[in-house]
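S.K.: Dropping the structure in here first, questions after.
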Amino acid sequence: MSSGYNFAYLDEPTKRMLRRSLLKAVAIPGYQVPFASREMPLPFGWGTGGIQVTAAILGRDDRLKVIDQGADDTTNAVSIRDFFAKTAGVATTLSTRDATVIQTRHRIPETPLQHGQIMVFQVPIPEPLRWLEPRETETRRMHAFADYGAMHLKLYEDVARYGRITTAYDYPVLVAGRYLMRPSPIPRFDNPKLDASPALMLFGAGREKRIYAVPPYTSVKSLDFEDHPFTIESWDRPCARCGAADSYLDEIITDDRGGRRFVCSDTDHCNQRLDAKEKAA
Amino acid sequence: MSGPILEVRDLEKRYGARRAVAGVSLDVWPGEVLGIVGESGSGKTTLLSAIAGRVAPSAGSVTYDGRDLTELADVDRSRLIGDKIGFVHQNPRDGLRLNVSAGGNVAEKLMAAGARNYGALRETACRWLDRVEIGRDRVDDHPSKFSGGMQQRLQIARVLATQPQLVLMDEPTGGLDVSVQAKLLDLLRGLVDELGLAVVVVTHDLGVARLLAHRLLVMKDGLVVEHGLTDQVLDDPAHAYTQLLVSSVLQV
Ligand SMILES: [Zn+2]
């Protein structure tokens, strides 16, 4: 750990402030708690909200995993992992199973999460009603009164225009039967993983200065219609690397003649499956 | 139901030293249309806003179906008004979502009330478009593309779709061309009769009052100066101010 930084970069009063907001967020599942977002040595859009949450909860014994899309090796993921290795001296890992804290931008890992693990989501836009209502005072009132008549409207408009619900990312959910929440830009494939998860889910939006949470074993329901039920994406082929038929696949262009393959977006999951196959062989 | 659906008692709204509404009482019975007429500044719009829970009264009570709205917590009042009481704005842009399709505008409050079947929602929306004489082929269009008269008819469909028991209207035909006004009034009168709605309609236009209202209140300076059956008030006004109002209409 380099000298000249406080543990995990942020000073202790800032971390205490963040922890108070986090505790409030956990106490009121799905409710957006304002916090005094700090300048971080990374630009907005690089997950400054998630980084502040991670900084506030990291302990010296934690093992941190960072994913961007589903991968541990993208520039963004590497930068954030290096940042905490340097400022907190914590162990890092690529393994979902070994991690105690997982910071993420777009995915929830395929490997089922365990009780005691914490997911930290980097959130660009926290307010699920913003597309409909630009005024913050009005969206706050709608949340306070659970005035969610508008909450199905986006789905209605989808079906009216395209014949089906086309919302693929950031699919709106109702948390603990009370608060409407944006799950951050995860694919709707990952929404069922939020429901009654044994792990703690924390969401940080740096630019918008909001923190919210889903405590372990909390109901998270994806909105839908009786005649247009919520469904997750599916593919007509398995992963071209590991053969998984039940994971979220990314399309990879393999050459300049239009060749393409579909492989797991969760690289750790894909690699673990390949390793297990090789050992068995 | 055995009593009035709406009872207003000694309602006051003060802004500083000025009393915009200076102690008004009224009853509205199920199926009855009450008109409130007066010039601008008479307090009629403030009275309507207070009944709708949009401004907090300084004194008095507003009792809807046996529950005093002024005594309810904000959230309960908001929910009760949202479920049971409709509000038609003078400017349809205040009562519509312009960036949402016509069908979505009608379906929104049905979804708020728990409707979760898309096909049924869409069919209900289309039936309401029929009733307000908007073609079903416009169901996916945004109301920003509609004429003023169509926007007002869509607002009415949106308000009536949840079958409120009481509808409050603020100058519902204001801001429209005279020919469009006449058509809208016909439509409104038909719907009110057919649905047996209780309505409070505020207007400065005595022609609107005559066509829609069963009973009239005449307001001046925050007070009710005359009330009675519509024909009686308009044809044989007792109060000097009402006589002036009626004669000024006749001069137009
Ligand atoms: Zn794979």
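For the record, the sequence lines run as chains G and U. In this text, residue positions in the first sequence follow the numbering used here: the first is 1, and each later residue adds one. In this text, residue positions in the second sequence follow the numbering used here: the first is 1001, and each later residue adds one. Ideal placement from N, C-alpha and C gives every residue a C-beta, glycine not left out. Every value quoted in this text rests on a predicted model; they were computed, and no experiment measured them.
1. What is the rounded straight-line gap between the Cα of Tyr5(G) and the Cα of Ala56(G)?
2. Starting from Thr139(G), trace the alpha helix (DSSP H) in both directions and tell me its first and last residue.
3. What residue does the beta strand (DSSP E) around Lys222(G) start on, and which one ends it?
4. Mark Glu1108(U) as exposed unless 16 or more other C-beta atoms lie within 10 angstroms of its C-beta, in which case mark it buried.
5. Hey, how far is the Cα of Gln1251(U) from the Cα of Leu1168(U)?
6. Run through the region 162-233 of chain G for me and flag every whole alpha helix (DSSP H) of 4 or more residues, listed as ranges in chain order.
7. Does DSSP put Met40(G) in a helix, a strand or coil?
8. Just the chain U side, please: which residues come within less than 7 Å of Glu12(G) by C-beta, in chain order?
9. Any heavy atom of ligand 1 closer than 7 Å to the beta-carbon of Cys1126(U)?
10. Do the region 1027-1034 of chain U and the region 1210-1224 of chain U touch if we need at least three Cβ pairs shorter than 8 Å?
11. Does any residue of chain G have a CB that is nearer than 8 Å to the CB of Lys1109(U)?
12. Please state the DSSP three-state secondary structure of Pro1143(U).
13. At a threshold of 7 Å, does Val90(G) count as lining ligand 1 (C-beta to nearest heavy atom)?
14. Could you tell me whether the Cβ of Ala1112(U) comes closer than 8 Å to any Cβ of chain G?
15. Can we count Ser95(G) as close to ligand 1, meaning its CB is less than 7 Å from some heavy atom?
16. Within 7 Å: the Cβ of Ser1101(U) and any heavy atom of ligand 1?
17. Is the CB-CB distance between Met1111(U) and Leu132(G) below 8 Å?
18. In the DSSP output, which residue or residues are listed as bridge partners for Ile1068(U)?
19. Near ligand 1, which residues have their beta-carbon less than 5 Å from any of its heavy atoms, given in chain order?
20. Mind listing the chain U neighbours of Phe145(G)? Cutoff is C-beta to C-beta under 8 Å, in chain order.
21. Helix, strand or coil for Ile118(G) per DSSP?
22. By the DSSP assignment, the alpha helix (DSSP H) with Tyr1118(U) in it spans what residues?
23. List, in order along the chain, the chain G residues whose C-beta lies closer than 9 Å to that of Val1088(U)?
24. Classify Pro183(G) as buried or exposed, calling it buried when 16 or more other Cβ atoms lie within 10 Å of its own Cβ.
25. Relative to the alpha-carbon of Ile232(G), which residue among Cys270(G), Thr54(G), Thr167(G) has its alpha-carbon at the smallest distance?
26. Does Gly149(G) get closer than 8 Å to chain U when you measure Cβ to Cβ?
27. Which residues of the region 79-92 of chain G have a Cβ closer than 9 Å to any Cβ of chain U? Give them in chain order.
28. For a cutoff of 8 Å on Cβ pairs, would you count Gly1095(U) as touching chain G?
29. With 7 Å as the limit, tell me which residues of the region 210-231 of chain G have their beta carbon closer than that to any beta carbon of chain U; keep them in chain order.
30. Give a yes or no on whether the minimum CB-CB distance between Arg1210(U) and chain G is below 8 Å.
31. Report the residue ranges of all beta strand (DSSP E) runs contained in full by the region 1006-1057 of chain U; include only those spanning at least 3 residues, in chain order.
32. Alpha carbon to alpha carbon, how far is Val214(G) from Arg237(G)? Give it in angstroms, no decimals.
33. Return yes when the Cβ of Gln103(G) is within less than 8 Å of the Cβ of Thr48(G), no when it is not.
34. Under 8 Å between the Cβ atoms of Arg1009(U) and Gly1095(U)?
35. How would you list, in chain order, the residues of chain U whose beta-carbon sits under 9 Å from the beta-carbon of Arg161(G)?
36. Is Phe262(G) helix, strand or coil by DSSP?
M.R.: According to the data block:
1. Here residue 5(G) refers to the residue found at position 5 of the first sequence. Here residue 56(G) refers to the residue found at position 56 of the first sequence. Each residue's Cα considered, the two are about 14 Å apart.
2. The residue given as residue 139(G) occupies position 139 in the first sequence. Counting along the chain, the alpha helix (DSSP H) containing Thr139(G) begins and ends at 136-144.
3. Locating residue 222(G) in the first sequence gives position 222, counting from the first residue. Checking the sequence shown, residue 222(G) turns out to be Ser, not Lys. Bounds of the beta strand (DSSP E) holding Ser222(G) are 220-222.
4. Within the second sequence, residue 1108(U) is the residue found at index 108, counting from 1. By the neighbour-count rule (16 or more Cβ atoms within 10 Å), Glu1108(U) is buried.
5. If you number the second sequence from 1, residue 1251(U) lands on position 251. If you number the second sequence from 1, residue 1168(U) lands on position 168. Caution is warranted here: a pLDDT of 47 is assigned to Gln1251(U), below 50, making its placement in the model unreliable, and the coordinate value is therefore given only provisionally. Going from the Cα of Gln1251(U) to the Cα of Leu1168(U) covers about 29 Å.
6. 191-194
7. By one-based count along the first sequence, residue 40(G) stands at place 40. Met40(G): coil per DSSP, three-state reduction.
8. As a first step, residue 12(G) must be located in the first sequence, where it is residue number 12. In chain order: nothing, as chain U lies at least about 38 Å away.
9. If you number the second sequence from 1, residue 1126(U) lands on position 126. Flag unset: Cβ of Cys1126(U) not near ligand 1.
10. yes
11. Counting from one through the second sequence, the residue named residue 1109(U) turns up at place 109. Yes - at least one Cβ of chain G is within 8 Å of the one on Lys1109(U).
12. As a first step, residue 1143(U) must be located in the second sequence, where it is residue number 143. It is helical.
13. Numbered from its first residue, the first sequence carries residue 90(G) at position 90. The answer is no for Val90(G).
14. Here residue 1112(U) refers to the residue found at position 112 when the second sequence is read from its first residue. So yes, Ala1112(U) belongs to the interface.
15. For the purposes of this step, residue 95(G) is taken as residue 95 along the first sequence, with counting starting at 1. Flag unset: Cβ of Ser95(G) not near ligand 1.
16. One-based indexing of the second sequence puts residue 1101(U) at position 101. Ser1101(U) Cβ: outside cutoff for every heavy atom of ligand 1.
17. Position 111 of the second sequence, counted from the start, is the residue given in the question as residue 1111(U). Position 132 of the first sequence, counted from the start, is the residue given in the question as residue 132(G). Contact: no.
18. Within the second sequence, residue 1068(U) is the residue found at index 68, counting from 1. The residue you asked about is not Ile; residue 1068(U) is Asp in the sequence shown. DSSP output for Asp1068(U) lists Thr1063(U) as bridge partner(s).
19. Cys239(G), Arg241(G), Cys242(G), Ala244(G), Cys264(G), Cys270(G)
20. For the purposes of this step, residue 145(G) is identified with residue 145 of the first sequence, where counting begins at 1. Under the 8 Å cutoff, chain U gives Asp1074, Val1075, Ser1078, Arg1079.
21. The sequence position of residue 118(G) within the first sequence is 118, counting from 1. Looking at Ile118(G) - three-state DSSP - the assignment turns out to be strand.
22. Taking the second sequence and counting its residues from 1, one reaches residue 1118(U) at position 118. Tyr1118(U) -> alpha helix (DSSP H) spans 1118-1131.
23. In the second sequence, counting from the first residue as 1, residue 1088(U) sits at position 88. Simply none; closest approach about 17 Å.
24. Walking along the first sequence from the start, residue 183(G) turns up at place 183. Per the 10 Å Cβ criterion, buried.
25. As a working mapping, residue 232(G) is identified with position 232 in the first sequence. Among Cys270(G), Thr54(G), Thr167(G), the Cα nearest to that of Ile232(G) is on Thr167(G).
26. In the first sequence, residue 149(G) corresponds to position 149, counting from 1. Answer yes: the Cβ-Cβ gap between Gly149(G) and chain U drops below 8 Å somewhere.
27. Against chain U - using a Cβ distance shorter than 9 Å - the region 79-92 of chain G contributes no residues.
28. As a working note, residue 1095(U) is residue 95 in the second sequence. For Gly1095(U), the answer is no, since every Cβ of chain G falls outside 8 Å of its Cβ.
29. Contacts with chain U (Cβ-Cβ distance below 7 Å) from the region 210-231 of chain G involve Phe225, Glu226, Asp227, His228, listed in chain order.
30. Counted from its first residue, the second sequence places residue 1210(U) at position 210. Residue contact with chain G for Arg1210(U): absent (no Cβ-Cβ distance below 8 Å to any residue of chain G).
31. 1006-1015, 1018-1028, 1033-1037
32. Within the first sequence, residue 237(G) is the residue found at index 237, counting from 1. Within the first sequence, residue 214(G) is the residue found at index 214, counting from 1. Straight-line spacing of the CA atoms in Arg237(G) and Val214(G) works out to 33 Å.
33. In the first sequence, residue 48(G) corresponds to position 48, counting from 1. In the first sequence, residue 103(G) corresponds to position 103, counting from 1. Taking 8 Å as the Cβ cut-off, Thr48(G) and Gln103(G) do not qualify as a contacting pair.
34. For this step, residue 1009(U) is matched to residue 9 along the second sequence. For this step, residue 1095(U) is matched to residue 95 along the second sequence. Here Arg1009(U) is not near Gly1095(U), since their CB atoms are 8 Å or more apart.
35. In the first sequence, residue 161(G) corresponds to position 161, counting from 1. Near Arg161(G) (Cβ distances below 9 Å), the residues of chain U are Ser1101, Asp1140.
36. Working through the first sequence from its first residue, we reach residue 262(G) at position 262. In the structure shown, Phe262(G) sits in a strand (DSSP, three-state: E or B).
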